[in-house]
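When we follow my numbering, the leftmost residue of the sequence shown carries the number 57, and every step to the right adds one.
A short write-up of the structure that comes next.
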Amino acid sequence: MFTEDVVKALNIDEETVSTWVNYGIIKAYSGLKVDGTRRYLFKREEIEELANNFTDYYLITKEVVEYLSVSKHYIYQLIFITLESLM
Numbered sequence: 057m058f059t060e061d062v063v064k065a066l067n068i069d070e071e072t073v074s075t076w077v078n079y080g081i082i083k084a085y086s087g088l089k090v091d092g093t094r095r096y097l098f099k100r101e102e103i104e105e106l107a108n109n110f111t112d113y114y115l116i117t118k119e120v121v122e123y124l125s126v127s128k129h130y131i132y133q134l135i136f137i138t139l140e141s142l143m
């Protein structure tokens with residue numbers, strides 16, 4: 057799967073995909089930060105599993121930032137810390 061496929065599968069924007077890759081929330085197997093190629097490549101099974109675990113009741117980062125009056129960077133730090141503690 058490429059970025060545009062992940063955008064559709066997870067109902068997020070391209071910037072969020074890139075940010076999630078940078079924070080390790082989703083793993084890219086090819087792309088600028090991986091091997092210098094121009095497009096991110098993801099494993100379909102991993103994205104589908106993530107999509108299946110999403111609920112219909114979630115907020116996008118922009119909504120959380122506005123609601124809590126904090127930066128996107130802060131939200132991603134919290135997500136990353138939480139994911140690290142689960143591993």
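In this text, a Cβ means the ideal position worked out from N, Cα and C, and glycines have one as well.
Note that the structure is a prediction, hence the values are computed from the model and not measured.
Close CB contacts of Phe136 within its chain, under the 6 Å cut and outside five residues either way in sequence, are with Tyr79 (chain order).
Beyond the five residues adjoining it in sequence on each side, Leu66 comes within less than 6 Å, by CB distance, of Ala107 in the same chain, given in chain order. In the structure shown, the three-state DSSP call for Phe98 is coil.
Between the alpha carbons of Ser127 and Arg100 lies a gap of roughly 30 Å. For Ser74, the three-state secondary structure derived from DSSP is helix. The residue among Asn109, Phe110, Ile131 with its C-alpha nearest the C-alpha of Glu119 is Ile131.
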